[in-house]
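Enquirer: For the working numbering, count along the first sequence from 1 and bump the result up by 1. We put the beta carbon where it would ideally sit given N, CA and C, even for glycine.
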Amino acid sequence: MNEKYPFSEIEPKWQQSWADSGLFKTDLSDTENKYYCLMMFPYPSGKLHVGHGRNYIIGDAVVRYKKMRGHNVLSPMGWDAFGLPAENAAIKTGTPPRESTLSNIAIMKEQLAAWGCCYDWDKEVASCEPEYYKWTQWLFIQMFNRGLAYKKKSNVNWCPDCATVLANEQVVDGCCDRCDSTVIQKALEQWFFKITDYAQRLLDDLDTLDGWPERVKTMQRNWIGRSEGTEIDFALVPREDGANDPSDKVSCFTTRVDTIYGCTYMVLAPEYGDLKELIAGLPQETEVLQFVADSAKLTNIDRESDTLEKKGIFTGRYVVNPYTNEKVPLWVGDYVLMYGTGAVMAVPAHDTRDWAFAKKYDLPIKLSIQNPEGSLVLTEMDDAYTEDGACFDSAEFTGMPNREAISAMAKKAEAEGFGKSCINFRLRDWLISRQRYWGAPIPIVYCDRCGTVPVNDDELPVRLPENVEFKPTGESPLAASQEFMNCECPKCGEPARRESDTMDTFVDSSWYFLRYLSAQDSTQAIDTKAANDWLPVDQYIGGIEHAILHLLYARFFTKVVSDLGLIDFDEPFAKLFTQGMICKKGPDGNLHKMSKSKGNVVSPNELIENYGADTVRLYTLFIGPPEKEAEWNDTAVEGSYRFLKRIWTRVWQHKELLASVSPDSCGELAESIGKMEKPERDLFRKVHESVQKITHDLDGAFHFHTAISAIMELMNAVDAVKVSDNSSEQVKAVFRDAMEKVILLISPFAPHIAEELWKELGHDGGVLSADWPEVIEEALHRDEIQMALQVNGKVREQIFVPSSAGKDEIEKIAMENPAVQKWTEGKTIRKVIVVPGRLVNIAVS
RNA sequence: GCCCGGGUGGCGAAAUCGGUAGACGCAAGGGACUUAAAAUCCCUUUUCAGCAAUGAAGUGCGGGUUCGAGUCCCGCCCCGGGCACCA
2 MNEKYPFSEI
12 EPKWQQSWAD
22 SGLFKTDLSD
32 TENKYYCLMM
42 FPYPSGKLHV
52 GHGRNYIIGD
62 AVVRYKKMRG
72 HNVLSPMGWD
82 AFGLPAENAA
92 IKTGTPPRES
102 TLSNIAIMKE
112 QLAAWGCCYD
122 WDKEVASCEP
132 EYYKWTQWLF
142 IQMFNRGLAY
152 KKKSNVNWCP
162 DCATVLANEQ
172 VVDGCCDRCD
182 STVIQKALEQ
192 WFFKITDYAQ
202 RLLDDLDTLD
212 GWPERVKTMQ
222 RNWIGRSEGT
232 EIDFALVPRE
242 DGANDPSDKV
252 SCFTTRVDTI
262 YGCTYMVLAP
272 EYGDLKELIA
282 GLPQETEVLQ
292 FVADSAKLTN
302 IDRESDTLEK
312 KGIFTGRYVV
322 NPYTNEKVPL
332 WVGDYVLMYG
342 TGAVMAVPAH
352 DTRDWAFAKK
362 YDLPIKLSIQ
372 NPEGSLVLTE
382 MDDAYTEDGA
392 CFDSAEFTGM
402 PNREAISAMA
412 KKAEAEGFGK
422 SCINFRLRDW
432 LISRQRYWGA
442 PIPIVYCDRC
452 GTVPVNDDEL
462 PVRLPENVEF
472 KPTGESPLAA
482 SQEFMNCECP
492 KCGEPARRES
502 DTMDTFVDSS
512 WYFLRYLSAQ
522 DSTQAIDTKA
532 ANDWLPVDQY
542 IGGIEHAILH
552 LLYARFFTKV
562 VSDLGLIDFD
572 EPFAKLFTQG
582 MICKKGPDGN
592 LHKMSKSKGN
602 VVSPNELIEN
612 YGADTVRLYT
622 LFIGPPEKEA
632 EWNDTAVEGS
642 YRFLKRIWTR
652 VWQHKELLAS
662 VSPDSCGELA
672 ESIGKMEKPE
682 RDLFRKVHES
692 VQKITHDLDG
702 AFHFHTAISA
712 IMELMNAVDA
722 VKVSDNSSEQ
732 VKAVFRDAME
742 KVILLISPFA
752 PHIAEELWKE
762 LGHDGGVLSA
772 DWPEVIEEAL
782 HRDEIQMALQ
792 VNGKVREQIF
802 VPSSAGKDEI
812 EKIAMENPAV
822 QKWTEGKTIR
832 KVIVVPGRLV
842 NIAVS
């Protein structure tokens with residue numbers, strides 16, 4: 002054994018040993034005590050920094066802990082390998098995306114190994130490989146056949162820099178979430194997944210996810226955005242010129258039907274489907290069309306900014322409020338979205354937006370809700386009244402509390418056939434086509450005779466061609482490849498063209514956790530039995546940034562696959578842990594999430610070289626509560642290094658002494674508790690208190706940082722017992738037992754040093770095969786308990802009382818205490834509170 | 001605007017059920033060892049007063065409940081995140 006902690010020697014050695022031993026290869030047929038631990042698979046960008054490391058280090062610690070607890074743990078890893086960066090690199094350097102991706106994967110695999118993170122690589126998947134995307138395409142076809150994948154022309158988010166469309170979820174504050182360019186709207190034919198069909202289930206089942214953080218569930222609820230309301234048909238007043246309309250009514254959705262007697266006009270969204278026909282040939286036509294064209298030019302940012310002044314224009318048409326039979330004007334407004342029906346009834350008296358609009362265009366305002374004081378007067382109002390009250394000037398509903406009126410009025414609409422209660426969701430269908438090369442081709446063929454035809458199963462995968470030009474033209478590079486585009490129709494065999502769009506990479510990552518269980522299976526996408534045996538995932542670990550996107554899509558896919566009958570569960574992740582981001586001050590002096598673009602990355606390579614992987618792991622876990630953001634501190638890493646060195650040195654200093662204790666005498670310690678002297682008794686108790694605390698910290702909230710501080714405390718207690726060759730056999734045995742426990746307890750966090758020292762102590766089995774320490778209840782026992790004496794809530798003295806003492810006895814000891822007598826002298830004792838094991842509080846006046 | 005988190009020493013933080021605030025670590029200061037440095041070890045370190053014993057104050061601010069509040073309640077302020085012209 003070396004005096005100096007030789008991390009650079011032992012770490013590669015044990016990494017090799019873990020790889021050779023097959024310890025992390027999981028037998029899927031052994032499902033007893035199974036534990037599926039999943040970390041979000043990374044995009045192979047080539048270089049991981051210590052911020053990425055947090056995810057894998059947390060996961061690896063959980064995996065190692067669960068293994069020691071006797072679980073059959075599955076911990077696979079793979080690559081979210083399609084995506085824009087590789088394609089952009091190809092445009093710049095000419096290196097084909099597949100080539101750069103595969104070499105990045107190789108580099109990152111080495112990095113993970115150097116961190117000591119172990120996986121079952123037999124189950125590795127890479128979403129860019131035909132063996133994987135074949136089944137992504139197959140799933141697409143299953144969804145197409147069920148009407149869950151469809152193509153439609155619509156206004157879509159277009160990122161001019163990435164030259165592709167984006168899903169709503171990928172637009173953040175009106176900008177592309179990849180490159181920050183301003184997203185514009187474009188009308189294009191695109192493929193969608195009908196996630197809206199699952200909106201209610203996705204919402205309802207959130208309630209069953211007890212193992213998920215509340216804030217993630219809240220975010221998903223907000224995103225799905227269910228709202229209950231009423232749809233009301235307003236009849237169109239027929240045109241004076243006798244021309245026909247596409248429909249004789251305009252429906253609007255409202256959550257406040259109780260205010261409908263105050264409706265004074267209606268507003269359509271500029272994109273409203275029938276708008277052109279409604280105004281064709283009217284004097285207002287040119288102006289309205291100009292207005293619509295101007296609105297279309299607004300970017301998402303303009304449109305979503307609340308400082309933007311609402312603009313609108315009268316269409317020349319009128320509709321009839323079915324409750325009042327009043328004729329009200331029909332307007333177009335740029336603030337109305339294509340949500341619900343794309344038409345809203347305007348009640349300026351009770352909606353702040355309508356109020357502003359009505360004031361600007363001098364439209365009438367009518368009161369239809371009176372406040373509880375009955376004091377509302379239109380002429381004195383300077384904004385809309387949006388609170389509750391009683392219906393006012395509302396025919397038979399007048400006087401009814403407005404909340405009740407909502408259902409009463411909906412009932413009337415239903416009875417008379419001009420409306421119904423209905424539910425709207427904010428969630429839109431998932432736009433999945435991308436006009437880029439490096440993704441899974443959408444397996445669809447266009448035939449002049451047969452139309453849109455899915456590729457036959459036996460012709461999957463539709464492979465990406467190798468020889469293409471990587472230039473972002475707004476059309477997929479695939480469109481320029483004749484070899485790719487020209488094909489035969491799967492139905493009639495005539496010449497046909499392929500779909501040139503590829504799928505959003507979030508499609509790939511929506512089912513990879515199912516594929517791990519059949520990674521090598523070339524006959525089917527999902528192994529039903531293995532999936533049913535091993536899923537839902539017991540513990541999913543990943544970044545909070547995926548709270549909506551990936552986690553919502555993966556839930557959606559799981560429900561679809563369940564409905565296809567391929568699995569018999571419909572939520573993929575039983576427990577979710579979202580770790581906080583690692584931040585660091587950048588060159589600009591501000592704190593940012595660690596990333597290349599902010600210039601604040603810390604590379605693990607140098608740290609591993611200087612301190613070893615165990616130090617990096619220990620510091621990463623010690624930095625703070627794992628669910629919270631943390632600031633990386635280069636000098637604080639030293640502290641973790643010092644601690645590991647200290648453990649190493651202690652074993653080295655006492656290696657002969659440690660070897661001299663027979664392993665049996667440690668096992669028998671529980672029986673000799675009664676014979677222990679105070680120092681070793683205290684250490685023995687501390688050992689078991691530590692085991693209890695650390696086990697609790699790991700089973701609950703993954704509080705590695707407090708677990709590690711408990712190990713540090715335990716080491717402090719070990720050092721407080723000055724063990725030497727002259728010590729009694731008993732002291733030596735307790736010391737050895739304590740050192741063994743330190744090694745076992747720290748092994749999930751710092752596995753290399755733990756393995757080495759475990760071996761040094763004469764164990765051959767390897768620390769991963771050792772059992773996690775058990776708490777011996779008797780060891781926790783104390784004869785005397787320290788308690789605080791308080792007078793009026795202020796601590797005045799510390800005392801020791803026998804742990805067997807009852808409340809009365811404790812009170813007696815307390816009252817006799819000189820400090821208590823000093824502070825209570827001349828005062829009346831009103832009350833004495835005894836909390837056994839904690840304190841005595843004497844209330845005096 | 002609405003909905004979630006959060007605010008504790010110079011810093012990262014801890015306090016499991018309302019029960020001794022600041023565990024553990026970083027940084028800083030002092031000391032030991034050393035020719036010297038590194039490494040290691042020991043001591044101090046919430047603030048104020050005091051040589052000390054000790055006392056007082058103290059968990060964003062103001063109230064309240066309680067024998068006792070970082071923890072519970074009411075009202076504010078600030079920071080982070082999500083949603084937001086969704087009718």
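So what does DSSP say about K14, is it helix, strand or coil?
Expert: Taking the first sequence and counting its residues from 1, one reaches residue 14 at position 13. Note: K14 maps to helix in three-state DSSP.
Enquirer: Could you check what DSSP says for A702 in three-state terms: helix, strand or coil?
Expert: Within the first sequence, residue 702 is the residue found at index 701, counting from 1. For A702, the secondary structure class from DSSP, reduced to helix, strand or coil, is coil.
Enquirer: Evaluate contact between the region 730-739 and the region 670-688, counting only Cβ atoms and requiring at least three cross-stretch pairs below 8 Å.
Expert: yes
Enquirer: Where does the unbroken beta strand (DSSP E) through E778 begin, and where does it stop?
Expert: Taking the first residue of the first sequence as position 1, residue 778 is located at position 777. In the DSSP annotation of this structure, E778 is not part of any beta strand (DSSP E); the continuous alpha helix (DSSP H) holding it starts and ends at E778 to L781.
Enquirer: Under three-state DSSP, which class holds E470?
Expert: Along the first sequence, read from residue 1 onward, the residue named residue 470 stands at position 469. E470: coil per DSSP, three-state reduction.
Enquirer: Could I get the ranges of all uninterrupted beta strand (DSSP E) runs contained in the region 175-229, with 3 residues as the minimum, in chain order?
Expert: 185-194
Enquirer: In whole angstroms, give me the CA-to-CA distance for E215 and G544.
Expert: Position 214 of the first sequence, counted from the start, is the residue given in the question as residue 215. Position 543 of the first sequence, counted from the start, is the residue given in the question as residue 544. Near 15 Å, if we compare the C-alpha coordinates of G544 and E215.
Enquirer: Do the CB positions of D615 and F194 come within less than 9 Å of each other?
Expert: Counting from 1 along the first sequence, the entry for residue 615 is found at position 614. Counting from 1 along the first sequence, the entry for residue 194 is found at position 193. Cβ distance not < 9 Å, so D615 and F194 don't count as in contact.
Enquirer: Quick one: is V836 buried, meaning 16 or more other Cβ sit within 10 Å of its Cβ, or exposed?
Expert: On the first sequence, residue 836 is found 835 positions in, with the first residue counted as 1. Around the CB of V836, fewer than 16 other CB atoms lie within 10 Å, so the residue is classed as exposed.
Enquirer: Does the region 372-383 come close enough to the region 260-279 to have 3 or more Cβ pairs within less than 8 Å?
Expert: no
Enquirer: If I follow the unbroken alpha helix (DSSP H) through S104, where does it start and stop?
Expert: Start at 1 with the first residue of the first sequence, and residue 104 comes out as number 103. P98 to A115 is the extent of the alpha helix (DSSP H) around S104.
Enquirer: Could you tell me the boundaries of the alpha helix (DSSP H) in which V538 lies?
Expert: The count along the first sequence starts at 1 and reaches residue 538 at position 537. That residue, V538, is in no alpha helix (DSSP H); it is neither H nor E in DSSP.
Enquirer: Is the distance from the Cβ of D121 to the Cβ of F42 below 9 Å?
Expert: Stepping through the first sequence from its first residue, residue 121 is reached at position 120. Stepping through the first sequence from its first residue, residue 42 is reached at position 41. Not in contact: D121 and F42 (Cβ atoms no closer than 9 Å).
Enquirer: What are the start and end residues of each continuous beta strand (DSSP E) run of 3 or more residues lying completely inside the region 144-177, in chain order?
Expert: 150-160 and 165-167
Enquirer: Helix, strand or coil for T399? Go by DSSP, reduced to three states.
Expert: Taking the first sequence and counting its residues from 1, one reaches residue 399 at position 398. The answer is coil: DSSP assigns T399 none of H, G, I, E or B.
Enquirer: Based on DSSP bridge pairs, tell me the residues matched to H593.
Expert: For the purposes of this step, residue 593 is taken as the residue at position 592 of the first sequence. For H593, which the question treats as bridged, DSSP gives the partners K585.
Enquirer: Straight-line CA distance for M69 to E761?
Expert: Position 68 of the first sequence holds residue 69. Position 760 of the first sequence holds residue 761. Approximately 19 Å between the Cα atoms of the pair.
Enquirer: Within 10 Å of its beta-carbon, does K808 have 16 or more other beta-carbons around it, so buried, or fewer, so exposed?
Expert: The residue labelled residue 808 in the question sits at position 807 within the first sequence. The residue in question, K808, is exposed, as its Cβ has fewer than 16 Cβ neighbours within 10 Å.
Enquirer: Is T183 near G175, with beta carbons less than 9 Å apart?
Expert: Within the first sequence, numbered from 1, the residue matching residue 183 stands at position 182. Within the first sequence, numbered from 1, the residue matching residue 175 stands at position 174. In this structure, G175 lies closer than 9 Å to T183 by Cβ.
Enquirer: Quick one: grab the DSSP three-state call for T231.
Expert: Counted from its first residue, the first sequence places residue 231 at position 230. Reduced to three states, the DSSP call for T231 is strand.
Enquirer: Would you tell me roughly how many angstroms separate the C-alpha atoms of E500 and Y340, rounded to the nearest one?
Expert: For this step, residue 500 is matched to residue 499 along the first sequence. For this step, residue 340 is matched to residue 339 along the first sequence. Rounded to whole angstroms, E500 to Y340 spans 30 Å at the Cα level.
Enquirer: What three-state label does DSSP hand E798 in the structure shown?
Expert: Residue mapping note: residue 798 aligns to position 797 of the first sequence, counting from 1. Looking at E798 - three-state DSSP - the assignment turns out to be strand.
Enquirer: Comparing alpha-carbon positions, which option in Y517, E785 and N793 lies nearest I800?
Expert: Taking the first sequence and counting its residues from 1, one reaches residue 800 at position 799. It is E785.
Enquirer: Over what stretch of residues does the beta strand (DSSP E) that includes T579 continue unbroken?
Expert: Within the first sequence, numbered from 1, the residue matching residue 579 stands at position 578. Unbroken beta strand (DSSP E) run through T579: L577 to Q580.
Enquirer: On the DSSP letters alone, give me the boundaries of the alpha helix (DSSP H) that P752 sits inside.
Expert: Here residue 752 corresponds to residue number 751 of the first sequence, with the count starting at 1. That run of the alpha helix (DSSP H) goes P752 to E761.
Enquirer: Buried or exposed for D249, going by 16 or more other Cβ atoms inside 10 Å?
Expert: Residue 249 sits at position 248 when you count from the first residue of the first sequence. Label assigned to D249: exposed.
Enquirer: Based on Cα-Cα distance, which residue from R354, Y324, K328 and T325 lies nearest to D335?
Expert: Walking along the first sequence from the start, residue 335 turns up at place 334. Cα-wise, what sits closest to D335 is R354.
Enquirer: With M740 and R682 assumed to form a contact (beta carbons below 8 Å), what rounded beta-carbon distance in angstroms separates them?
Expert: Here residue 740 corresponds to residue number 739 of the first sequence, with the count starting at 1. Here residue 682 corresponds to residue number 681 of the first sequence, with the count starting at 1. Rounded, the Cβ-Cβ distance is 17 Å, inconsistent with contact.
Enquirer: Quick one: Cα of G263 to Cα of G418, how far?
Expert: As a first step, residue 263 must be located in the first sequence, where it is residue number 262. As a first step, residue 418 must be located in the first sequence, where it is residue number 417. Distance between the alpha carbons of G263 and G418 is about 21 Å.
Enquirer: Using the beta-carbon count (16 or more within 10 Å), is C163 buried or exposed?
Expert: Along the first sequence, read from residue 1 onward, the residue named residue 163 stands at position 162. The residue is buried, with at least 16 neighbouring Cβ atoms inside 10 Å.
Enquirer: Run through DSSP, which three-state label would W80 get?
Expert: Along the first sequence, one-based indexing puts residue 80 at 79. Of the three classes helix, strand and coil, the one that applies to W80 here is strand, per DSSP.
Enquirer: Taking all protein chains shown into account, do 16 or more other C-beta atoms lie within 10 angstroms of the C-beta of R618, making it buried, or fewer, making it exposed?
Expert: Locating residue 618 in the first sequence gives position 617, counting from the first residue. So R618 counts as buried.
Enquirer: Give me the Cα-Cα distance between P588 and W633, rounded to the nearest whole angstrom.
Expert: Locating residue 588 in the first sequence gives position 587, counting from the first residue. Locating residue 633 in the first sequence gives position 632, counting from the first residue. Whole-angstrom Cα-Cα distance: 14 Å.
Enquirer: Using three-state DSSP, classify W431 as helix, strand or coil.
Expert: To locate residue 431, count along the first sequence from 1; it is residue 430. Here W431 carries a strand assignment [DSSP, helix/strand/coil].
Enquirer: Do L210 and I225 come within 9 Å of each other at the CB atom, strictly closer than that value?
Expert: Within the first sequence, the letter at position 224 stands for residue 225. Within the first sequence, the letter at position 209 stands for residue 210. No.
Enquirer: Span of the alpha helix (DSSP H) holding M40?
Expert: Within the first sequence, the letter at position 39 stands for residue 40. Where M40 is concerned, there is no enclosing alpha helix (DSSP H), although the beta strand (DSSP E) it sits in stretches over K35 to M40.
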